[in-house]
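**Q**
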Amino acid sequence: MKKLVIAAGLLLSGFFVNAQVKGVKHVILIGMDGLGAYCFPKADIPNMKQMMQDGSWSLQARSVLPSSSAVNWASMVMGAGPELHGFTEWGSKTPELPSRELDKYGMFPSVYTLLRDKKPNAEIGVIYSWEGIGYLFPKAAVNKDQHCPTDEATTEAAVAYIKEKKPDFLFIHFDQPDGVGHAIGHDIPEYYTQVQKNDVLLGKILQSIKDAGMWDNSIIMLSADHGGINKGHGGKTMVEMQIPWIIRGKGVKANNEIKESIVTYDTAATIARIFGLKTPAVWIGRPVNAAFTR
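Be aware that the sequence shown starts at 4, since it is given in the working numbering, and climbs by one per residue.
(1) So is ASP47 buried or exposed if we call it buried at 16+ other beta carbons inside 10 Å?
(2) Distance check for ASN124 and LYS45, CA to CA, integer angstroms please.
(3) Assuming contact is defined by CB atoms lying nearer than 8 angstroms, are PRO101 and HIS88 in contact in what I supplied?
(4) Figure out for me which residue from GLN56, TRP60, TYR164 has the closest Cα to the Cα of VAL40.
(5) What residues are listed by DSSP as bridge partners for GLY34?
(6) Hey, how far is the Cα of ALA294 from the Cα of GLU92?
(7) Can you tell me where the beta strand (DSSP E) holding GLY252 begins and where it ends?
(8) Is the Cβ-Cβ distance between VAL80 and VAL27 less than 8 angstroms?
(9) Mind checking who ILE232 pairs with in its DSSP beta bridge?
(10) Taking buried to mean at least 16 other C-beta atoms within 10 Å of its own C-beta, is ARG297 buried or exposed?
(11) On the three-pair Cβ rule with 8 angstroms, is the region 135 to 153 touching the region 191 to 202?
(12) With distance defined between alpha-carbon atoms, name the residue in ASP171, ALA161, ARG119, LEU204 nearest to THR282.
(13) Are the region 217 to 224 and the region 245 to 252 in contact at 8 angstroms, needing three or more beta carbon pairs?
(14) What number of angstroms, rounded off, separates the C-alpha of ILE277 from the C-alpha of MET217?
(15) Check this for me: beta carbons of PRO170 and GLY109, under 8 angstroms apart or not?
(16) Please work out which residues of its chain come closer than 8 angstroms, Cβ to Cβ, to ALA11, disregarding the five sequence neighbours upstream and downstream, and give them in chain order.
(17) Just the Cα atoms here: how many angstroms apart are ALA144 and ALA275?
(18) How would you write the range of the alpha helix (DSSP H) that HIS189 sits in, first residue to last?
(19) Which one or two residues does DSSP pair with ASN259 in a beta bridge?
(20) What do you reckon, are the CB atoms on ALA257 and GLY94 nearer than 8 angstroms?
(21) Which complete alpha helix (DSSP H) runs does the region 75 to 132 hold, if anything under 4 residues is left out?
(22) Note down the Cα distance separating LYS25 from ASN220, rounded to an integer number of angstroms.
(23) Pull up the distance between the alpha-carbon of GLU167 and that of ALA215, whole angstroms please.
(24) Alpha carbons only, please: which of HIS176, LYS213, THR270, ARG289 is nearest the one belonging to GLY37?
(25) So is GLN245 buried or exposed if we call it buried at 16+ other beta carbons inside 10 Å?
(26) What residue from GLN210, VAL67, THR116 has the CA that sits closest to PHE140's CA?
(27) Ordered along the chain, which non-local residues of its own chain (more than five positions away) have a Cβ less than 6 angstroms from that of LEU205?
(28) Tell me which same chain residues have a C-beta within less than 6 angstroms of the C-beta of SER78, skipping the five on either side of it?
(29) Buried or exposed for GLN197, please, with buried defined as at least 16 other CB atoms from any protein chain shown within 10 angstroms of its CB.
(30) Measure the beta-carbon distance from ALA272 to GLY288 and round it to whole angstroms, keeping in mind my assumption that it falls under 8 angstroms.
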């Protein structure tokens with residue numbers, strides 16, 4: 004009864020308290036730019052497909068609109084869409100609309116802030132290939148902020164960081180296969196060759212988590228900001244909007260296709276649930292509870 008009263012009080016104060024997933028110490032979120040869900044049946048991606056077999060997944064998750072980069076990378080970690088966080092353009096560096104709410108760092112509340120508030124000593128990192136990611140998180144809230152020139156360099160940096168620091172939360176961003184999609188096109192042999200290369204890099208990251216002794220108490224998530232059509236994205240077609248959403252690890256159901264709706268801002272809410280974080284009322288994302296055993 005006492006817990007119900009406390010929970011009710013927190014709800015009235017504008018926060019929702021998630022029940023933490025027991026035994027999880029680390030969350031690694033991997034984002035691949037321009038990885039459309041449409042490519043999974045055709046692509047040679049054994050590591051991604053093994054993650055699906057070992058965990059829970061959907062190939063019908065959706066981006067927010069417009070289906071472009073900064074808008075969706077912001078939504079993924081901020082638990083809300085552009086109408087609330089204010090990042091509305093492909094390459095937004097600051098919100099074009101006033102953020103509906105600001106955290107103590109002067110940005111729309113993100114999973115970085117929520118985790119830092121709960122665990123002041125948490126090890127939090129962001130390692131990314133596209134420099135635009137650097138505008139979408141509060142730098143004062145993270146321990147590691149590293150922009151790398153290529154996805155291969157991002158992988159090397161992430162592997163070293165995982166082994167050395169064993170981060171509580173790490174976001175790894177790959178700039179491919181979006182680059183190939185823009186330069187050559189989507190849904191063509193060159194695109195699938197690049198997706199296969201991304202899968203190899205993913206395998207190196209997964210191995211580093213094992214080598215660091217984190218495998219049994221980690222949750223690993225894989226998603227994307229958007230898909231693409233021809234040489235572009237940003238529109239309202241399903242090949243642009245549908246993204247993969249994969250999660251595996253401690254407390255996650257295995258070989259489980261998620262049927263319920265997932266929007267990219269649900270990723271932040273799911274991470275909040277894993278860590279047992281208080282989420283602000285301004286967030287509209289919901290944890291993907293169907294992914295978990297309890």
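From the three backbone atoms N, C-alpha and C, an ideal C-beta is built for every residue, glycine too.
**A** Judging by the given coordinates:
(1) exposed
(2) 43 angstroms
(3) no
(4) Per the sequence shown, the amino acid found at residue 40 is Ala instead of Val. Closest by C-alpha distance to ALA40, out of GLN56, TRP60, TYR164, is TRP60.
(5) HIS176, SER226
(6) Straight-line Cα distance between these residues: approximately 31 angstroms.
(7) Note, GLY252: beta strand (DSSP E), 245 to 252.
(8) no
(9) GLY235
(10) exposed
(11) no
(12) ARG119
(13) Under the Cβ criterion (8 angstroms, minimum of three pairs), the region 217 to 224 counts as touching the region 245 to 252.
(14) 16 angstroms
(15) no
(16) Any reading at ALA11 needs caution, since the residue's pLDDT is 41, under 50, leaving its predicted position unreliable; the model's value is listed next. So no residue of the chain qualifies.
(17) 16 angstroms
(18) Per DSSP, HIS189 belongs to no alpha helix (DSSP H) and is neither H nor E.
(19) SER59
(20) no
(21) 85 to 88, 114 to 121, all fully within the region 75 to 132.
(22) 9 angstroms
(23) 8 angstroms
(24) HIS176
(25) With 16 or more other Cβ atoms within 10 Å, it is buried.
(26) THR116
(27) ASN50
(28) VAL67, GLY84, THR267, TYR268
(29) buried
(30) 4 angstroms
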